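Heads up: the structure comes next, in structure tokens.
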Amino acid sequence: MKLPNNQTMSTTLRAWKETLEDLGVIGLVRQPLPEVKATGSSDSLSLLPMPPPYKPSAPPRAPSKVKEAKIAIDWKAPDDPIKNPPFDAIVACESLDALNACICKCEACPLGGGRIKFVFGEGAPTARMMFVGEGPGRDEDIMGRPFVGRAGALLDKMIAAMGMGRDEVYIANVVKCRPPDNRTPTSSESQTCLRYLYRQIELINPSVLVGLGATPLRELLGDATGITKIRGAWRTVVIADREIPFMPTFHPAYVLRQYTKEVRQAVWEDLQSALARSQL
Ligand code: URA
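When you number the sequence shown by this note's numbering, it's gap-free, plus one each residue, and the end is 316.
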């Protein structure tokens, strides 16, 4: 976009424009946002050229069954209710702070013993849009906050491109402690930790969930289909009798690895669809 010679674009506006262009959006988005059909299709995004069909260039990672079996055999969950909070204590928590205090000393799965910091999640306690990632990485483990590394910087850009800040959405993960070497959390680790995420979702009561990558899709919906096949198509997660729309999309770390226009456009479409649905 060209401005007359005597005008300069503010740094913020320039950063916003670059972010949008980075996500594959050509030109500035009109306000209000164009109406988006909740189908994951891009045909209502008049500002975007139709993306070519997406072809994955790498197979999705699958968790190793051997590792999972070994970890599960070697592990015994503690009886201590501080290290392994019982279900009743979790559902008795009436606020996110209370839930955090209840579970932050958890060692109910092998990940608890290896963490530096417990990564509860952060954002608006009544957010309409909630992102669910896989689990903390090194930076998150050190900071005790979700998505603060390189993938987090991209997630921030995506959120900003939707016209919001981190404090207007909620960001959490399937597991709250870092898996060693950033491996995918096993299903037993994830399932142990999910009771916390479920309560967190109940308390936040978001209008939509955005699942980042294959792990939330696998653990929240029991769907092991590759994210590349399923992204962009609305699903439903049932939590405490409430049906919550769930949009599976690519993990920001995947977007960084496959930094193609197709992948960025796909994520942008998914986010537009999620944003439109969160505002219904
Ligand atoms: N990747 C995730 O899935 N979650 C984080 O918090 C950071 C990176």
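Virtual Cβ for every residue (Gly too), placed ideally from N, Cα, C. Because the structure is a prediction, the values reported are computed rather than measured.
query                                                                                           : result
Through-space distance from G173 to R164, alpha-carbon basis                                    : 25 Å
Straight-line gap, W270 to C138 (C-alpha atoms, nearest Å)                                      : 33 Å
From V155, D115, N136, residue whose alpha carbon lies closest to that of E170                  : V155
Top-ranked residue by Cα proximity to L239, from D116, A134, P252, N120                         : A134
Simplified DSSP assignment, three categories, for N241                                          : coil
Enclosing beta strand (DSSP E) for F282 [first to last residue]                                 : 278-285
Proximity test, P172 beta-carbon vs ligand 1 heavy atom, cut-off 6 Å                            : yes
N209 Cβ short of 6 Å to ligand 1 heavy atom set                                                 : yes
Cβ-heavy atom distance, F183 to ligand 1, below 6 Å                                             : yes
Residue burial classification, I272 (beta-carbon count within 10 angstroms, cutoff 16)          : According to the sequence provided, residue 272 is Thr. The question's Ile does not apply to it. Exposed is the call here.
Proximity below 7 Å, CB of R313 to CB of T285                                                   : no
Contact belief for G249 with I263 at Cβ below 8 Å, rounded distance in angstroms                : 6 Å
Touch test, the region 285-295 against the region 196-204, Cβ-Cβ under 8 Å, three pairs minimum : no
CA-to-CA distance, G185 to L307, given in whole angstroms                                       : 20 Å
Contact set for C211: own chain, Cβ-Cβ below 7 Å, skip 5 residues either direction              : The identity of residue 211 in the sequence shown is Val, whereas the question assumes Cys. Closer than 7 Å at the Cβ level, and outside the excluded window around V211, lie L147, G171, P221, E225, S226, C229.
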